[in-house]
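Letter 71 of the sequence shown, counting from 1, is numbered 71 in the UniProt record's numbering, and no numbers are missing.
Backbone N, C-alpha and C fix where the C-beta goes; we use that ideal spot for every residue, glycine too.
Structure, as structure tokens:
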Amino acid sequence: MINVTIEREQSYIKSFTLTGHAESGPEGHDLVCAAVSGITFGAVNAVFALCEIDLDIDQAGDEGGFLKVIVPDLNNDSLLNKVSLLFEGMVVSLQTVEQDYGQYISISEK
């Protein structure tokens, strides 16, 4: 199972962590894994491209199964709102996957 943990500071997403494997299909054909990977990496890439900030990213090597992204302290409210909106969109997309494939993904917030 993929476990997603969203950590907030005030109402903003400060970090998120993904651990585990969906194992909803054979390697290379796991649709849940592909969806979650596409959603999370798409959001991270959008923040890089549109907000031009350096996120703190830690991920597993070839074995996969781990991703942690930390948003740095931002003193610019406009930029913070932009980053937050992009990551909130990611959460909505992940929740959609969870609704349909809840046996393979679990989302929690701290």
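Counting only the Cα atoms, L50 lies some 16 angstroms from I39.
Judged by DSSP secondary structure, I53 falls outside any beta strand (DSSP E); it is assigned neither H nor E. Annotation for L86: the continuous alpha helix (DSSP H) segment containing it runs D77 to D100.
A straight line joining the alpha-carbon of D54 with that of E23 spans about 31 angstroms. Look at the beta carbons and you see the region 90 to 110 not touching the region 66 to 76: under three pairs across the two are nearer than 8 angstroms.
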